[in-house]
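Below: the structure, in structure tokens.
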Amino acid sequence: MANRVGMSGSIIYSNPELYSQLFMKGIKHIEIGEFSEEEDFSKFLKLSNEKGCTFGIHSPLLRSGSKYDLIEKLRYEPSEAWDMIEAEAEKLSALGAEYILVHFPYFKEDVEVNTDALIEEGLKKNKVYSG
């Protein structure tokens, strides 16, 4: 695999009014995520296609989605968070995303359960989703 120079959408907080700042000369790949709404993602996707730029998604796709819930509930039940990731992966794969970056494992604070078992369970799920 050849090396490429990429840009992170976090420098503009995925603000659609600033998308043009991401597509600088020599940039061939953009990692972005946490869009405010689906329309903002559609605008980015259109511009990315026009510029011939590849992209990866830093999950969640939308800010309202699950970011840290794959092992323990912070906002969503883990089973719901896995369903969200699976649906995002299917959708984004069909739209040409090269990858989806997820926060795993993530624990909000110290826990008194066997974290190794929770992580191992999550890794098994991840293997199912990643082939």
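Each residue of the sequence shown is one higher than the one before, counting from 43 in this note's numbering. Heads up, the beta-carbon is just placed ideally off N, CA and C, and yes, glycines get one too. Please read all numbers here as calculations on a predicted model, not as lab measurements.
Relative to the alpha-carbon of residue i, which residue among the options has its alpha-carbon at the smallest distance?
i: methionine 108; options: Ser121, Glu59, Leu87 and Lys88; result: Looking at the sequence provided, one finds serine at residue 108 rather than methionine. The shortest Cα separation from serine 108 among Ser121, Glu59, Leu87 and Lys88 belongs to Ser121.
i: histidine 100; options: Val47, Leu87, Tyr141 and Glu163; result: Tyr141
i: glycine 98; options: Ser84, Ala44 and Gly48; result: Gly48
i: lysine 88; options: Ala159, Gly138 and Glu163; result: Gly138
i: serine 50; options: Pro58, Ala44, His71 and Asp152; result: His71
i: isoleucine 54; options: Glu162, Ser78, Asp125 and Asn45; result: Ser78
i: aspartate 152; options: Ser52, Phe86, Glu163 and Glu114; result: Glu114
Can you tell me the Cα-Cα spacing of residue i and residue j, whole angstroms?
i: serine 56; j: lysine 166; result: 31 Å
i: tyrosine 110; j: leucine 116; result: 7 Å
i: tyrosine 118; j: glutamate 130; result: 15 Å
i: glutamate 76; j: leucine 103; result: 5 Å
i: isoleucine 69; j: threonine 96; result: 9 Å
i: tyrosine 59; j: arginine 105; result: Reading off the sequence shown, one finds glutamate at residue 59, where the question assumed tyrosine. Distance between the alpha carbons of glutamate 59 and arginine 105 is about 17 Å.
Just confirm the distance between the C-beta atoms of residue i and residue j, as a whole number of angstroms; I'd bet it's less than 8 Å.
i: glutamate 80; j: leucine 143; result: Wrong, their Cβ atoms sit about 19 Å apart, outside the cutoff.
i: leucine 112; j: alanine 123; result: 5 Å
Taking the alpha helix (DSSP H) that residue i belongs to, which residues open and close that run?
i: isoleucine 127; result: 120-136
i: phenylalanine 77; result: Unbroken run through phenylalanine 77: none, as it is neither H nor E.
Note the first and the last residue of the continuous beta strand (DSSP E) segment covering residue i.
i: glycine 98; result: 96-100
i: serine 50; result: 48-50
Meets three-Cβ-pair contact criterion under 8 Å: the segment 91-105 and the segment 61-73: yes
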